[in-house]
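Report on the structure given below.
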Amino acid sequence: MIEFQSLMKAIHKGVKDAAKSVEGETLDFVKRFFDEQDNGKGKAPSYSPKTCAMEFPSRTEHGIDTVSAEVPLLALVPISSPRISEVKFIAELEISNNDQDQLMVAFARSTAKAGGLRNKLMGQQDTTESTANASLEITLTGNEPPEGLQKLIEGYERALRAQIPG
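Using our numbering, the first residue of the sequence shown is number 6, and each one after it goes up by one.
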């Protein structure tokens, strides 16, 4: 058996650790699509987008010509911002109090209940019965991620559209 408060703390810690892992994915995303530039002593580094050159056809008075555009790789891939929106922990628990009047819980066990001769004759199988006397469902909803990354992508997409003829 475990103290109910300890179980809740363990679940909360697991959710916090998962949220930190998701934050790490965002930092990896920045490193994957941006190059870090050193700005000198004492200044924060700046990031420039990784780009590739793409050629686009353009109609001119002399016929079809090609125009080169610097395309940020960030604008070419689908962007999904991972975030934890909901966590549910559902468990069948046995609940009791200890000598210090603390709420104690244990994960329920299933016990086979013999159906007896009557059930065997009727073709019914043995049933299982849970020892749980409570069911717990916890729903935690995460916060919305900041809009900064989406605004950044939109800015690069506008800059790209300005480079493309037509």
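Yeah, the Cβ is synthetic: ideal placement off N, Cα and C, and Gly gets one too.
Please read these numbers as outputs of a predicted model, since none were measured by experiment.
**Asked** In three-state DSSP terms, what is Val-76?
**Response** Counted from its first residue, the sequence shown places residue 76 at position 71. Looking at Val-76 - three-state DSSP - the assignment turns out to be strand.
**Prompt:** What did DSSP end up calling Arg-166 once you bin it into helix, strand or coil?
**Reply:** As a first step, residue 166 is located in the sequence shown; it is residue number 161 there, counting from the start. Reduced to three states, the DSSP call for Arg-166 is helix.
**Asked** Where does Pro-83 land, buried or exposed, given buried means 16+ other C-beta within 10 angstroms?
**Response** For the purposes of this step, residue 83 is identified with residue 78 of the sequence shown, where counting begins at 1. Pro-83 is exposed by the Cβ-count criterion.
**Request:** Go ahead and pull the three-state DSSP assignment for Gly-153.
**Result:** One-based indexing of the sequence shown puts residue 153 at position 148. Of the three classes helix, strand and coil, the one that applies to Gly-153 here is helix, per DSSP.
**Asked** Which ranges does the beta strand (DSSP E) cover as unbroken runs of at least 3 residues, wholly within the region 6-83, from first to last along the chain?
**Response** 39-42, 51-54, 56-65 and 68-77
**Nearest neighbour of Phe-34, chosen from Leu-98, Ala-164, Leu-79 and Glu-99 [CA to CA]** = Along the sequence shown, read from residue 1 onward, the residue named residue 34 stands at position 29. Cα-wise, what sits closest to Phe-34 is Leu-79.
**Item:** Among Leu-154, Gly-47 and Ile-95, nearest to Ile-16 - alpha-carbon criterion
**Value:** Counting from one through the sequence shown, the residue named residue 16 turns up at place 11. Residue Ile-95 is the option with its Cα nearest to Ile-16.
**Asked** Is Pro-77 buried or exposed, if buried means 16 or more other CB atoms sit within 10 Å of its CB?
**Response** Locating residue 77 in the sequence shown gives position 72, where the first residue counts as 1. It counts as buried.
**Request:** Could you check how far apart the C-beta atoms of Met-13 and Met-109 are, in whole angstroms? I think they sit under 8 Å.
**Result:** For the purposes of this step, residue 13 is taken as the residue at position 8 of the sequence shown. For the purposes of this step, residue 109 is taken as the residue at position 104 of the sequence shown. The pair is not a contact, with the Cβ atoms about 13 Å apart (cut-off 8 Å).
**Ile-158 - DSSP class collapsed to helix/strand/coil** = Taking the sequence shown and counting its residues from 1, one reaches residue 158 at position 153. If DSSP states are grouped into helix, strand and coil, Ile-158 belongs with the helices.
**Prompt:** In three-state DSSP terms, what is Ser-90?
**Reply:** The residue you call residue 90 lines up with position 85 of the sequence shown. Ser-90 sits in coil when the DSSP states are folded into three classes, being neither helix nor strand.
**Message:** What residue range does the beta strand (DSSP E) around Ala-111 cover?
**Reply:** Position 106 of the sequence shown, counted from the first residue, corresponds to residue 111. 108-112 is the span of the beta strand (DSSP E), which, as asked, contains Ala-111.
**Message:** Quick check: the region 64-78 against the region 155-169, are at least 3 beta-carbon pairs closer than 8 Å?
**Reply:** yes
**Asked** In three-state terms, what does DSSP make of Asn-102?
**Response** As a working note, residue 102 is residue 97 in the sequence shown. Strand.
**Prompt:** Exposed or buried, Phe-38, counting other C-beta atoms within 10 Å across all chains shown (16 or more means buried)?
**Reply:** As a first step, residue 38 is located in the sequence shown; it is residue number 33 there, counting from the start. Flag for Phe-38 reads buried.
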